[in-house]
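Mapping the sequence shown onto UniProt numbering, position 216 (from 1) lands on 216, and the numbers just tick up by one.
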Amino acid sequence: MVRARGGKHRAASTKPPLTHFLCLPLITLNSRPQLDQALQAFREDISLTSADFTPAAEQQQHDVSSPIIHPKAIRPTGSLHLTLGVMSLSPEQLARAIECLNKLDLPSLLTSIASATTQGITIALQGLHSMHAPEKTSVLYAVPVDATGRIYPLCLALQQIFKENGFLIEDGRSLKLHATVVNTIYAKSRRKPTQRPASITSDGRVLSTSPGGSSEARSQGHSPTANAPLRIDCRTILARYKDHVWGSFELERVAICEMGTKKITAADGTIIDERYVEVASVPLPT
C-alpha cells in the first residue's frame, strides 16, 4: 500500500503494461514515397534554428541555437499508423486476439457501412493539429480524410469487436483517428534530470516550466493531460500546415502491432527508419 496525503492509504497503481495495439498501418508501397518526401520537406522546413527568423535584438537575449522542433521529435515514416486501441496481452491472449483478427469479415463490415460498395478506402492524410492547447503542446498530428465517409465507422466497428472480446483497454475517450507527426517525448532533452519540463515558443524561447507528469503519461504523450519533457508553441506551424496534404493512398490492412518501434539500420549502423513490428495483419478489400 502507498500512503496518500493526510495519512490515508491508497492502492499502488496496478495498470498493466501495454504490449500491443490495433491499428491501420499507413505505410504501403504506394504511400511510402509520398510520405518520405512530405516528412523530409517538413523536417527541413521546421527543424530550423530561431536565428532564421528571430529579430537581431531578440537574438541577443535568447538562445537562438535551439531547434524550433528537435529533429528527433518528428516521427519516422515507418512509424505512421492510425491507432484503434491499445492492449495488454499475455502470449495466450495475443493468440486469441490474432484469431479474432483473422476471423474478421471486412467486406461485410464495409457493406454494413455503405451497402452500395465494398471497394477499398482511399484517404488523404491532411492538415496538422495539436493534441493539446496549441500554445503549449507536445504532439502534432495529421488526420485521414476519406471522401466516402467510411473510414471512421469502419474503425469504430473494428474497435467495438475487439472491445467486446476483451482485448482493448478502455480509456474513456472517444476514438480520434490521427497519424502522429511530432511527439516531443522522443526529443533529446537538454535539461538536467531534476529540471521540470520546458515550454518553448514558436521562435525557440522558453516560456515557462511545468510540473512533471506520471511515467505512464510521458510514455505516450497523447493524453490531454500528458506532461512531455518539452512543450512547444506551434500556432504558427499549425496555421502554415492547416491545409497541407501529406499523401493520398489506399489503406491496405488492419494489423496488431507490438508496442515500441524497432530501429532499422544501414550497413554502417546508421539508423535509417523506425517501424512497429506487425505480429498479424489482414488485408482490407481493394
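We put the beta carbon where it would ideally sit given N, CA and C, even for glycine.
Name, in chain order, the residues that DSSP records as bridge partners for residue i.
{"i": "Ala179", "result": "Ala142"}
{"i": "Pro107", "result": "DSSP output for Pro107 lists no bridge partner at all."}
{"i": "Cys23", "result": "Thr83 and Ala255"}
{"i": "Ser281", "result": "Ala255"}
{"i": "Lys72", "result": "Lys72 pairs with nothing; no bridge assigned."}
{"i": "Asp273", "result": "Ile264"}
{"i": "Leu89", "result": "According to DSSP, Leu89 bridges with nothing at all."}
{"i": "Leu168", "result": "Met87"}
For residue i, which residues in the same chain have their Cβ closer than 6 Å to its Cβ, ignoring the five residues on either side in sequence?
{"i": "Ala114", "result": "Arg150"}
{"i": "Thr148", "result": "none"}
{"i": "Val86", "result": "Leu18, Phe21 and Ile169"}
{"i": "Asp273", "result": "Pro76, Gly78 and Ile264"}
{"i": "Phe184", "result": "Per the sequence shown, the amino acid found at residue 184 is Thr instead of Phe. Here the set comprises Ala73, Ser138, Ala228 and Leu230."}
{"i": "Ser248", "result": "Ala124"}
{"i": "Asp171", "result": "none"}
{"i": "Glu250", "result": "Gly120 and Thr122"}
Can you list, in chain order, the residues of its chain with a C-beta nearer than 7 Å to that of residue i? Leave out the 5 residues immediately preceding and following it.
{"i": "Ile46", "result": "Ile68, Ile69 and Ile237"}
{"i": "Thr111", "result": "Thr118"}
{"i": "Glu135", "result": "Asp233 and Arg235"}
{"i": "residue 307", "result": "With the chain running from 1 to 286 in the structure shown, residue 307 is simply not present."}
{"i": "Leu156", "result": "Leu175"}
{"i": "Ala187", "result": "His70, Lys72, Ala73 and Leu230"}
{"i": "Leu109", "result": "Leu154 and Ala157"}
{"i": "Ser88", "result": "Pro16, Pro17, Leu18, Thr19 and Ile169"}
{"i": "Tyr141", "result": "His129, Met131, His178, Ala179, Thr180 and Val181"}
{"i": "Leu39", "result": "Ile74 and Thr77"}
{"i": "Met259", "result": "Leu18, Thr19, His20 and Phe21"}
{"i": "Thr261", "result": "Ser79, Glu274, Arg275 and Tyr276"}
{"i": "Gly166", "result": "none"}
{"i": "Arg43", "result": "Pro71 and Ile74"}
{"i": "Pro285", "result": "Leu106, Pro107, Leu110, Thr118, Gln119 and Gly120"}
{"i": "Val145", "result": "Ile123, Ala124 and Gln126"}
{"i": "Ser90", "result": "none"}
Who are the Cβ neighbours of residue i in its own chain at under 8 Å, not counting the five residues just before and after it?
{"i": "Ser281", "result": "Pro25, Leu101, Arg253, Val254, Ala255 and Ile256"}
{"i": "Leu104", "result": "Leu158, Ile161, Val254 and Val282"}
Terminal residues of the continuous alpha helix (DSSP H) containing residue i?
{"i": "Ala124", "result": "First-last for Ala124: Thr122 to Ser130, but that is the beta strand (DSSP E), not the alpha helix (DSSP H)."}
{"i": "Leu154", "result": "Ile151 to Glu164"}
{"i": "Thr236", "result": "Arg235 to Tyr241"}
{"i": "Pro134", "result": "Run containing Pro134: none; DSSP gives neither H nor E here."}
{"i": "Leu35", "result": "Ser31 to Ile46"}
Just curious, the beta strand (DSSP E) that residue i is in, first and last residue?
{"i": "Glu250", "result": "Val245 to Glu250"}
{"i": "Ile232", "result": "Leu230 to Ile232"}
For this session: Determine, using beta-carbon pairs with one atom in the stretch 81 to 94 and one in the stretch 18 to 31, whether at least three such pairs fall under 8 Å.
Result: yes
Exercise. If we count Cβ pairs, one from each stretch, closer than 8 Å, do we get three or more for the stretch 232 to 250 versus the stretch 258 to 275?
Worked result: no
Problem set entry | Contact the stretch 150 to 170 vs the stretch 270 to 278: 3+ CB pairs below 8 Å | no
Problem set entry | the stretch 30 to 42 / the stretch 91 to 100 touching (three or more Cβ pairs under 8 Å) | no
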